[in-house]
Each structure stands twice: as structure tokens, then as C-alpha cells.
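Below you'll find the structure, written out as C-alpha cells, and then a few comments.
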Amino acid sequence: MSATPTLVLRPGRVTLAELRLIQAGGLRLELEAAALQGMADSLATVQQIVEQEAVVYGINTGFGKLASTKIARDRLAELQRNLVLSHSVGTGEPLPEGVVRLVLATKAVSLARGHSGVRPQLAHALLALANAGVLPVIPAKGSVGASGDLAPLAHLACVLIGEGQALVQGRVVSGREAMAAIGMEPFVLGPKEGLALLNGTQVSTALALAGLFGAESAFGAALVSGCLTLEAIKGSVKPFDARIHEARGQGGQIAVAAAVRALLHGSEIDPSHPHCGRVQDPYSIRCIPQVMGACLDNLGHAARVLAIEANAASDNPLVFTAWTEGTSGPGEVISGGNFHAEPVAFAADIIALALAEIGAISERRLALLLDPGLSGLPAFLVEDSGVNSGFMIAQVTAAALAAENQCLANPSSVTSLPTSANQEDHVSMATYGARRLLEMARNTAVMVGIEAMAAAQGMEFDRSLKSSPLIEEQFTAIRQRVAFLERDRLLAPDIEAMRLWAADTRWPDAIAACLPSHAHSF
């Protein structure tokens with residue numbers, strides 16, 4: 007039995023590819039040893055403030071509107087515990103396991119940046135939970151994405167103090183049992199430790215990352231399904247000529263056109279109809295580089311923002327020690343607003359736009375395939391149509407999901423409601439904005455999966471010529487999941503099988519090279 011591979015997290019330098027692996031699971035996570043000194047230094051600064059009884063927000067004061075209330079030294083542990091308990095007000099379904107792993111890892115990374123003033127043991131405990139598969143039960147709803155993801159992170163912190171709940175091998179256990187499962191006693195939180203755990207953008211960032219990775223998979227699948235459709239209708243490859251896209255200069259467009267040319271390289275189908283009279287294909291075929299390229303550019307921008315945020319010190323206040331500042335004298339604790347998740351909110355909205363468009367253009371190609379006047383294929387891709395409906399209602403499902411995604415794509419970042427007696431008078435709503443991406447990614451995977459299944463069906467009406475090796479490989483993968491539709495049958499299982507195909511992460515190199523979490527390191 008092979009040992010579990012170890013991923014060493016380098017605070018400030020964790021890559022998107024590493025974050026994708028963390029979401030998937032199956033890794034043992036460790037903090038880079040070099041991070042320990044910075045954590046120890048910031049902890050010493052906090053301890054010095056406590057010893058000197060200086061009044062500093064978050065260390066010996068109340069919180070939010072109660073920031074001016076000084077707390078006696080002998081009640082600081084009570085203050086931090088009460089903070090965690092009072093903020094554990096989440097509701098809704100628990101976050102998915104992969105998202106919780108990302109939350110645990112990114113919170114540990116944030117604390118290990120050395121600006122939080124907490125014991126290193128807290129960061130190690132977070133990773134120990136992830137490594138043991140002991141995942142805090144974090145309700146999905148209740149954060150406005152400012153002052154950090156307070157409610158969901160409080161549910162995480164509850165487990166560390168022996169409260170709340172965690173999931174262990176499919177069984178919900180108490181926080182105390184969860185800590186025992188990793189061989190630790192519940193923490194008695196020190197000054198600032200509860201606040202450092204609750205402040206931060208880790209939940210909204212983890213949700214947005216999961217949405218980004220889902221969007222990447224749907225993007226890759228949609229490039230394949232688009233090529234399958236082009237081959238099924240014997241469309242033109244001329245719109246993918248590199249000269250067209252270089253003349254415009256948009257980077258994503260150039261990359262997508264190159265990927266399509268690579269995917270179709272070696273096809274026997276395109277050279278077989280040089281004089282077919284097809285001058286211009288509909289936009290859903292002809293403009294794949296322009297539409298999908300714009301989506302790719304947006305995903306790339308969102309990826310860069312999220313890679314930074316996943317490595318960020320985003321709690322409040324932040325500790326700056328003499329060592330990190332390169333000066334002599336005591337460290338300084340500075341209140342700011344790094345917990346405000348506006349960058350994540352905008353990134354989530356951008357990903358939502360891309361997901362909506364990836365699905366929308368795929369649904370239009372599906373409709374094209376079913377229309378014999380445009381595709382040249384049998385109506386609804388089935389022989390003996392009339393008695394058989396073929397893919398008619400599968401396209402209705404795709405249309406329903408495309409409309410749903412269009413509604414979900416409405417921006418969340420422009421919504422703000424004040425909280426905490428107007429102390430927190432502008433909030434990002436990033437957490438909802440990121441959470442809705444999971445549903446959108448699923449919807450898009452269904453739409454793209456239906457298109458790919460229909461395109462494979464269309465190709466089967468004329469198999470006298472083969473497509474390219476890469477497209478034939480994908481055709482075979484589809485046929486391993488769903489059979490040719492000779493007559494009407496129950497299609498829901500086939501649609502689910504194709505959703506899983508579209509949610510895969512193993513795409514040809516021509517596609518993987520485009521994807522932010524594959525192509526770039528932070």
C-alpha cells in the first residue's frame with residue numbers, strides 16, 4: 007500500500023494547481039517549516055501587548071460596535087470563546103467536503119503568514135483535521151463577505167474548541183470527538199486567536215476556487231463538444247485560421263483557436279467537403295474562439311485574483327513585528343479591512359459570466375444539431391422521428407439550465423446590506439456570489455455533456471471517415487458511457503453519465519495548456 011503523498015504548503019506561494027489538488031483530496035498537508043518563525047514573532051508581539059495592558063482592538067477589547075469596550079485580562083479567554091460561540095449562526099446545507107478542505111488549508115496558510123498573532127499549533131490543528139478526513143460541518147449560508155466569513159468560520163473554529171460538529175467517515179460527531187480523532191485536546195483560545203480564526207475570506211475564496219475549477223472543466227469539455235459538433239455537421243475550419251485571430255489580438259481568442267486546430271489536427275472529415283457550398287456556419291460554431299476566448303480571459307483574471315487571495319493575510323487587526331518590518335523596537339498591531347471580500351466577489355461574478363456563456367453557446371450548438379435544415383442530419387438526431395422524439399427534450403433540459411444560469415449570473419457584488427449597527431456599512435456578498443458557482447458549474451456540465459452526446463450521435467450517421475485522433479479518443483470515451491440512440495429510451499442516466507464526463511479534469515494537452523490552474527503558478 008503506497009503512502010499518502012505530502013504537499014508542503016508555502017504561505018504566500020501556494021499555487022492554483024496545488025489548491026485544485028487539495029480540493030480533490032488524497033494528500034497529506036504540511037506547512038513549510040520556515041513559516042513557524044513569523045508566527046512565533048507575531049505571537050510574541052500579542053503577548054507583549056497583553057503584558058503591558060495596552061488597549062488594542064481584537065486583543066483586549068470587544069468586537070465590531072463594541073470595539074471601545076476594554077476587557078479585563080482575566081476574561082480574555084472567555085472573550086475569545088464567546089466570540090466563536092456567538093458567531094456560530096450559520097444555516098443551510100453543509101459545505102461540500104472539497105470546499106471544507108480548501109477552507110482548512112487556506113485558513114492555515116493565512117495564519118502562517120505571520121500577521122495573525124496566534125500559536126502555530128492552531129494552523130497545525132487545521133491541517134491535522136484535513137489530513138485525518140475530520141471535516142468541520144460548516145453551514146453554507148450566513149456570511150455577507152465582510153469582517154470575514156464570520157459565521158461559517160465560527161463553525162470551523164467551534165470544532166477547535168470542542169464545540170460544533172464534524173464529519174468523520176460519513177458520521178457526524180461532536181467537536182470534542184473530532185479533536186480526539188486527531189489526538190488533540192480542544193483549544194483554550196488565547197488573546198486574538200478566536201478573532202483571527204473568524205476574520206478572513208477563506209470560505210468565500212474556497213467556494214470561488216471550487217467554482218473556478220468547475221468552470222475550467224466545463225470549458226475544456228465545451229471545446230471538445232464544439233469540435234464534435236463541427237465534425238458532425240461537417241462545418242468549416244476556416245474560421246479557426248490563426249491569421250484571423252492574430253489580426254484581432256485577443257489572447258484568449260488566439261489560444262482557443264489554436265486549441266481547436268490542435269484538437270482537429272489529422273481529421274479526415276474537413277478535407278472531404280472543400281466544395282460543399284457551406285460558406286458561413288452559425289455563430290455558435292464560427293465564433294467559438296471569440297466567445298470561448300473571452301470566457302478564458304475572464305477565467306484567467308479571476309484565477310489570478312483568487313490565487314492571491316488564497317495566500318493572503320485577511321484577518322484583522324494584523325500584527326507587524328520588528329523582524330518583518332526590518333526595524334528595531336516593538337511590533338505594531340494595525341486595524342484595517344483585509345477581511346472585506348470585494349476582490350473575491352468580483353472574481354466570482356466574472357466566473358459566473360463565463361459559466362453562463364459556456365453553457366449558452368453549447369446549448370445553441372445542440373439546437374443546431376437537432377435542426378435538419380441547419381445540420382443536414384436527421385431531425386432530432388433519430389431515425390423514424392415522429393414515433394421517436396430523439397434528443398428533442400434533452401435540448402429542452404439544456405435550455406432550462408441555460409435560462410437558470412442566466413438568472414444566476416446576475417452580479418452579486420453590487421448587493422450590499424449594512425450590518426453590526428452600521429459599523430459594517432458596506433459588504434461584498436462574496437460568499438453567496440461564490441457559492442452559486444457550484445450550481446452553475448453543474449448546470450453547465452449537464453448542458454455541455456448533452457451537446458457532446460448529441461454530437462457523437464450526429465457523427466454516427468456517417469462514419470465513412472474518421473475525425474482527428476484526439477477527437478476520436480473523446481468519441482470513444484463518450485461511447486463507453488452512453489450508447490447510440492437507435493430508438494427512444496430513458497435518457498436521464500445518459501445525461502448524468504455525460505455530466506460526469508464534462509466535469510472531468512483530464513483533458514488533452516491542447517486544452518489543459520489553456521486552463522489557469524494547469525498553466526500558471528502563483
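For the sequence shown, my numbering begins at 7 and goes up steadily by one. A virtual CB, placed ideally from N, CA and C, is assigned to each residue, including glycine. Model, not experiment: these values are computed from the prediction.
Residues near residue 133 in its chain [Cβ-Cβ closer than 6 angstroms; skip 5 each side]: So the qualifying residues of the chain are 35 and 114.
N-terminal and C-terminal residue of the alpha helix (DSSP H) that residue 113 is part of: 103–117
Inside the segment 331–389 only - beta strand (DSSP E) runs reaching at least 3 residues: DSSP assignment within the segment 331–389 yields the following whole beta strand (DSSP E) runs of 3 residues or more, N-terminal first: 338–340.
Boundaries of the alpha helix (DSSP H) in which residue 211 is found, first to last residue: 208–238
The segment 36–51 / the segment 63–70 touching (three or more Cβ pairs under 8 angstroms): no
Enclosing alpha helix (DSSP H) for residue 158 [first to last residue]: 156–166
Beta-carbon spacing of residue 106, residue 144 below 8 angstroms: Yes, these two residues count as a Cβ contact at 8 angstroms.
Straight-line gap, residue 374 to residue 230 (C-alpha atoms, nearest Å): 16 angstroms
Beta-carbon separation (whole angstroms), residue 108 vs residue 29, contact threshold 8 angstroms: Correct: roughly 5 angstroms between the Cβ atoms.
Endpoints, the alpha helix (DSSP H) within which residue 481 is located: 475–487
Straight-line Cα distance separating residue 172 from residue 193: So the two alpha carbons sit approximately 16 angstroms from each other.
Per-residue burial, residue 490 [other beta carbons within 10 Å of its own, 16 or more giving buried]: exposed
Residues near residue 354 by beta carbon distance below 7 angstroms, same chain, minus five either side: 214, 217, 418, 436, 439, 440 and 443
Proximity below 8 angstroms, CB of residue 156 to CB of residue 251: no
Residue 319 - DSSP class collapsed to helix/strand/coil: Correct three-state label for residue 319: coil.
For residue 59, three-class secondary structure by DSSP: coil
N- and C-terminal bounds of the alpha helix (DSSP H) containing residue 242: Segment: none, residue 242 is in no alpha helix (DSSP H) and carries neither H nor E.
Short Cβ contact (8 angstroms threshold) for residue 366 with residue 408: The Cβ atoms of residue 366 and residue 408 lie closer than 8 angstroms to each other.
4-residue-minimum alpha helix (DSSP H) runs that sit fully inside the segment 166–200, ordered along the chain: 181–187
Nearest residue (CA-CA) to residue 324, options 266, 86, 97 and 118: 118
As assigned by DSSP and simplified to three states, the class of residue 394: strand
Residue 309 and residue 22 closer than 8 angstroms at C-beta: yes
Inter-residue Cα distance where the pair is residue 333 and residue 199: Confidence at residue 333 is low in this model, with a pLDDT of 48, below 50, so its placement is unreliable and the value that follows should be read with caution. Roughly 25 angstroms separates the two Cα atoms.
Residue 469, DSSP secondary structure in three states: If DSSP states are grouped into helix, strand and coil, residue 469 belongs with coil.
Residue from 48, 148, 122 and 168 whose Cα sits closest to the Cα of residue 142: 168
Separation of residue 452 from residue 186, as counted between CA atoms: 41 angstroms
Assigned secondary structure, residue 11 (DSSP; H/G/I helix, E/B strand, else coil): coil
Distance CB(residue 146)-CB(residue 203) smaller than 8 angstroms: no
Rounded separation between residue 331 and residue 62 - CA only: With a pLDDT of 47 at residue 331, under the threshold of 50, the modelled position of this residue cannot be trusted, and the question is left open.
Reference residue 523; option with closest CA among 220, 242 and 262: 220
Distance, residue 116 Cα to residue 528 Cα: Note that residue 528 scores a pLDDT of 31, beneath 50, so its modelled location is shaky and nothing firm can be said.
Candidates 288, 356 and 315: closest to residue 379 by CA position: Put simply, of 288, 356 and 315 the residue whose alpha carbon is nearest the alpha carbon of residue 379 is 288.
Sequence-distant residues of the same chain with beta carbon closer than 7 angstroms to residue 85, five excluded per side: Excluding residues within five positions, the ones whose Cβ falls inside 7 angstroms are 77.
Candidates 226, 121 and 433: closest to residue 511 by CA position: Among 226, 121 and 433, the Cα nearest to that of residue 511 is on 226.
Per-residue burial, residue 15 [other beta carbons within 10 Å of its own, 16 or more giving buried]: buried
Straight-line gap, residue 455 to residue 32 (C-alpha atoms, nearest Å): 27 angstroms
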